[in-house]
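Following this note's numbering, the numbering of the sequence shown begins with 608 at its first residue and continues without gaps.
Beta carbons are placed, not taken as given, at the ideal position from N, Cα and C, and that holds for glycine.
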Amino acid sequence: MRRLLLIAVIAALAAGCGKQTSGKPELQENTEAYFAAHGIVQGQPNELRIGGTLFRFPAGVGLNPYTAQDAYLSIDGSPITLSTKEGLEQGKYEKVATPIVRGQAEKVTFFLDSKRKYAPGFDPFQSGDVRVKISKYGAPAYPDIFEKSIRDKPIVIEHSEFGLKEYRSEKYWIGSVYESTFPHLQQAADGGKLFFVCQPSQHPMSGLCGTSYWQADGKYSVSIAMDGPFFLEHWQEAYPAVTRFVDSVVAK
Numbered sequence: 608m609r610r611l612l613l614i615a616v617i618a619a620l621a622a623g624c625g626k627q628t629s630g631k632p633e634l635q636e637n638t639e640a641y642f643a644a645h646g647i648v649q650g651q652p653n654e655l656r657i658g659g660t661l662f663r664f665p666a667g668v669g670l671n672p673y674t675a676q677d678a679y680l681s682i683d684g685s686p687i688t689l690s691t692k693e694g695l696e697q698g699k700y701e702k703v704a705t706p707i708v709r710g711q712a713e714k715v716t717f718f719l720d721s722k723r724k725y726a727p728g729f730d731p732f733q734s735g736d737v738r739v740k741i742s743k744y745g746a747p748a749y750p751d752i753f754e755k756s757i758r759d760k761p762i763v764i765e766h767s768e769f770g771l772k773e774y775r776s777e778k779y780w781i782g783s784v785y786e787s788t789f790p791h792l793q794q795a796a797d798g799g800k801l802f803f804v805c806q807p808s809q810h811p812m813s814g815l816c817g818t819s820y821w822q823a824d825g826k827y828s829v830s831i832a833m834d835g836p837f838f839l840e841h842w843q844e845a846y847p848a849v850t851r852f853v854d855s856v857v858a859k
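This is the structure:
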């Protein structure tokens with residue numbers, strides 16, 4: 608009954624007559640109840656629709672799904688053109704509860720374990736060297752994204768032993784960009800240039816290196832994150848392992 612009421616609220620809001628809700632989300636994230644609301648049973652085969660794609664995960668993949676349980680929408684149903692802060696201050700936006708839909712998620716995170724030939728980890732919180740996130744949010748990389756990424760990084764260091772070229776800033780608080788120079792792996796899964804960004808020591812995610820790609824047909828993005836030292840030594844095997852696994856769980 609409560610779920611039906613939430614759906615009714617959203618439908619009313621779309622018509623421009625929604626009621627504002629400011630309570631806390633009903634379900635706490637990272638709990639069994641939260642997983643169950645998405646239809647996830649750890650240790651069992653699971654299905655999730657993300658973006659325009661259905662993913663079928665085999666048993667043993669520790670999945671950590673996420674769906675926002677509230678949203679900011681315009682009161683009159685018009686397109687969102689202001690920031691959330693501006694919309695609320697001007698009385699044009701309101702916060703409404705949004706239900707979690709079983710079998711769907713905005714994004715899901717899991718791990719691959721290099722010690723087990725990049726098999727998926729069973730723990731949804733930490734069970735491998737490579738963290739993978741599939742999300743409905745993202746967009747195709749624009750053509751000059753790499754050039755813009757290295758624009759303020761004049762220091763270039765060749766890491767031929769790792770098949771990488773590093774672009775570093777003179778400012779210690781700016782992270783480094785690593786371009787693949789490995790002959791057999793210079794193109795990202797979406798066809799763009801393959802490069803990684805490593806966060807500086809002052810960043811909240813200090814020491815992490817990662818990259819992402821957009822799957823246009825399925826309307827989903829894949830983000831990959833690894834610890835810096837692991838990234839340098841193992842990126843050539845980790846990146847293909849991620850793309851192979853993600854491709855393998857796309858429902859045919």
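Note on geometry: alpha-carbon atoms of residue 853 and residue 838 lie some 19 Å from one another.
Residue 725 and residue 671 have their C-alpha atoms roughly 18 Å apart. When the beta-carbon positions are compared, residue 728 and residue 650 stay at least 8 Å from each other.
Boundaries for residue 777: no beta strand (DSSP E) harbours it, and the DSSP string shows neither H nor E there. Counting of Cβ neighbours within 10 angstroms places residue 764 among the exposed residues, the total staying below 16.
Its Cα nearest to that of residue 695, the residue 682 stands out among 818, 655, 682.
About 27 Å separates the CB atoms of residue 645 and residue 721; that is not less than 8 Å, and the two are not in contact. Of the candidates 701, 647, 657, 657 places its Cα closest to the Cα of residue 712. Short of 6 Å from the beta carbon of residue 661, and not among the five residues preceding or following it, lie these beta carbons of its own chain, in chain order: 858.
Residue 647 is classed as buried because its beta carbon has at least 16 other beta carbons within 10 Å across all chains shown.
For the 8 Å CB-CB criterion, residue 718 and residue 756 do not form a contact.
Residue 797 is positioned such that its CB atom lies closer than 8 Å to that of residue 747. According to DSSP, residue pairing for residue 678 in a beta bridge involves 703. Nearest to residue 723 by C-alpha distance, out of 766, 714, 735, is 735. Residue range 835 to 856 is occupied by the alpha helix (DSSP H) that includes residue 838, with no beta strand (DSSP E) assigned at that position. No Cβ-Cβ contact shorter than 8 Å links residue 673 with residue 702. Rounded to the nearest angstrom, the Cβ distance from residue 677 to residue 704 is 5 Å, consistent with a contact under 8 Å. Residue 779 counts as exposed, since fewer than 16 other beta carbons sit within 10 angstroms of its beta carbon.
DSSP, reduced to helix, strand and coil, places residue 713 outside both helices and strands of the structure shown, so it counts as coil. The alpha-carbon separation between residue 664 and residue 777 amounts to approximately 44 Å.
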